[in-house]
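Below is one structure, written out as structure tokens; comments come after it.
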Amino acid sequence: MSIRKDANLLSSAERTELVTAILELKRAGIYDQFVLRHSTAPMSSIHRVPAFLPWHRRFLWDLEQALQRVSGNPDLGIPYWNWPNGDANASLWRDDLLGGDGDAFSLAVTTGPFREGQWTVVNSSGTDAGPLTRAFGRSGERTLPTQADIDQVMAITPYDSQPWGQDASAPGFRAQIEGWAGPNLHNRGHVWVGGSMLPMTSPNDPVFFMHHCMVDKIWHEWQQRFPNQGYLPVSGGPFGQNLTDPMASTPAASIGSRPIDVLDSTAIGIRYDDATILPQPTYIPLNLDAPPDASGITTAGEINYYQLTLDRRETVSIETFGDSDTFMTLFGPDDRTRELATNDDGGASFNARIIQTLSAGNYFIQLRLFDPTQTGSYRIQASRVTSAPPPSIPVLSIGEPPLNASIAAAQESDLYQFTITTAGSYTLETFGNTDLYLSLFGPDSQTMQIAEDDDSGAATNARLQLDLQPGTYFARVRHFSPTLTGAYQIQLRSNDSTPGIPAVPILVVNAAPVAAEISTGGETDLYRINIATAGQYTIETLGGTDLFLTLLNPASTTPQIATDDDSGTGLNPRITIDLQPGSYFASVRHYSATSSGAYRIHVTQG
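When the letters of the sequence shown are read in order and numbered with numbering that gives the first Met the number 0, they come out as residues 0 to 605.
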């Protein structure tokens, strides 16, 4: 009997047993076979269709059997990722289980048993494709599903509805839990993790199985709540989706490969524990303009929580004092999961300081030390800002001469801010002899990445040319090599006084394919697509290069709207999507960060 527990609640011995078993499957090549099974299965047979839930239940069961064989423990179960208690601070992301978020720039996971150098991912051809990557909350979904979201989906019947997946948003439990309608449960988890969890090779990240275990647990509980709501369609649906049809890419085993064979979790040896609700942190009140509150981090890895309540719109400074190197994150209003800002050294010395104009509401501050292995004391204060404060982040002004700067230490990055008041085309560029990497975030967000570049400028300089809407943007500059330093200049300028002039190559709908090339490892090509009429469009590449395609809508609060790896011919990506009139951007990179190659790209309608 497989006993599936909340991953946060696994004991140290249980964590070691699970990680050891996963690493053994990886060593033997078995784990990668699961990745390939998922990535090569027909997309239209296992996603956006009724069989989504039974297919993945059987997929989990098969991995569980393999884990039990190599561990010698017949009760070893895949733990579930309890989303409401599973954000970046949850214990499942500790070094003894999954490891944490990816690097802010490369996205490579550098902690835990699946870190860079210890764990490699494979592409859909089974070839090594570099380290595991993650980007918590930075790929279009900033938060995880809440218990209220789960409860909302749990109340929905029937299981599915016609046309059985041809319309992914058709009413029904399956479409809601998969994330094509309603509060978005399954899809949101993939996008929140980001990185290796985005393409069809997402089982490369072991959290995939914990994520789908949570999905399966919710389905199991839904089945218990509605015993008379069976699987649909019983018959009459597309082949592979009916109750007694064999499911795609599902090998023979001691249990069958049809939906009907896996409907009863208990019958196939699965038992979920009674989920324990983890205690919520205690938030210490911060009173505006009160004297600094003395506190400290007394245990390595500890986080202190504060709450600030405003009864009207205020410009507020939240700041620490003392000798400890603090890191502060601000959430709200009235939402403990909506991140507004982070800061490391904006205050005196190594202290954190966030200055924000905030509306009335409750705000939540999480405070930790920059080095999670350290402890130390500090004082914290929230105060009104009655005059215009000096910006804690250097400001770039449009059209001003280049600003002199320097990456003075290994691992350092520089952050800049600028405000766009008129929509239009702008260029952000570095100059000098230092090999730089540039990332752009916004509008009005330090965490929502909208563009990045390595060598599009002169020599090894970075250059971004984008159409930007009004708002405040944040640019982060780092050395391409995290161990090197060097001086540089940075400048922001308008490309034209007329808004909307394209600053990147344009792909004309239904025109001949455009020839292009990824000439160096890590390079990204960006294209603009102008859509005049609403309809279905296909963006795809052609040729023999293994590419990854991302479609962006810069006017959206979640700019990334679609990604694809190998849905086109051979190893080419293809995105088919319904688009409304407007300007979109297509980003093309090689699947392997170290490879290059020629390709063609085009856009067609219909």
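Where is the CB? At the ideal position from N, CA and C, for every residue including glycine.
In this structure the segment 133-141 touches the segment 192-203; the number of beta carbon pairs closer than 8 Å is three or more.
Contact annotation, residue 305 with residue 379: C-beta distance approximately 7 Å; criterion of less than 8 Å satisfied.
By the Cβ criterion, the segment 4-14 is in contact with the segment 66-79, since at least three pairs of Cβ atoms, one from each stretch, lie closer than 8 Å.
When C-alpha distances from residue 43 are compared across 183, 199, 158, 107, the shortest belongs to 199.
With contacts defined by Cβ atoms closer than 7 Å, residue 252 and residue 307 do not form a contacting pair. By the C-beta density criterion, residue 202 is buried, having at least 16 other C-beta atoms within 10 angstroms. DSSP, read as helix, strand or coil, puts residue 537 in strand. In terms of CA proximity to residue 111, 94 leads the group 451, 102, 94, 101. The three-state reading of DSSP puts residue 46 in coil, since its state is none of H, G, I, E or B. Closest in C-alpha terms to residue 178, from the list 49, 23, 462, comes 49. Counting only residues of its own chain and dropping the five nearest sequence neighbours on each side, residue 340 has a CB closer than 7 Å to the CB of 329, 353, 355, 445. Per DSSP, residue 104 lies in no beta strand (DSSP E) segment and is marked neither H nor E. Taking a contact to require three or more Cβ pairs closer than 8 Å, the segment 534-543 and the segment 564-584 qualify as touching. With the rule of 3 Cβ pairs closer than 8 Å, the segment 505-516 counts as touching the segment 525-535. For residue 65, the enclosing alpha helix (DSSP H) stretches over residues 51-70. Residue pairing for residue 380: DSSP places it in a beta bridge opposite 318.
Contact between the segment 230-244 and the segment 19-38 is not established, with fewer than three Cβ pairs separated by less than 8 Å. When the beta-carbon positions are compared, residue 175 and residue 155 come within less than 7 Å of each other. In its chain, beyond the 5 residues on either side, 439, 558 have a beta carbon closer than 6 Å to the beta carbon of residue 449. When beta bridges are read from the DSSP output, residue 306 appears opposite 284, 363. Take residue 420, set aside five residues on each side of it, and the residues of its chain with a beta-carbon closer than 7 Å to its own are 469, in chain order.
Selection 418, 485, 28 evaluated against residue 403 yields 485 as nearest (Cα-Cα). Closest option to residue 588, judged by alpha-carbon separation, among 121, 226, 453: 453. In this structure residue 375 is not in contact with residue 431, their Cβ atoms being roughly 37 Å apart against a cut-off of 8 Å.
Rounded to the nearest whole angstrom, the C-alpha separation of residue 264 and residue 153 is 17 Å. The alpha-carbon of residue 128 is positioned some 35 Å away from that of residue 301. Secondary structure at residue 8: helix, using DSSP grouped into helix, strand and coil.
For the options 359, 367, 332, the alpha carbon positioned closest to that of residue 344 is the one of 367.
Straight across, the Cα-Cα distance linking residue 458 with residue 428 is about 12 Å.
Counting along the chain, the unbroken alpha helix (DSSP H) around residue 153 starts and ends at 146-153. Beta-bridge analysis with DSSP links residue 464 to 426.
7 Å or more divides the Cβ of residue 571 from the Cβ of residue 560. Collapsing the DSSP output to three states places residue 311 in coil. Separation of the CB atoms of residue 515 and residue 397 is rounded to 30 Å, and the pair is thereby denied contact status at 8 Å.
Listed in chain order, the non-local C-beta contacts of residue 593 below 8 Å within the same chain comprise 129, 520, 521, local neighbours out to five positions each way being set aside.
Around residue 151, the same chain offers 181, 182 as residues with beta carbons nearer than 7 Å, after the five sequence neighbours per side are excluded.
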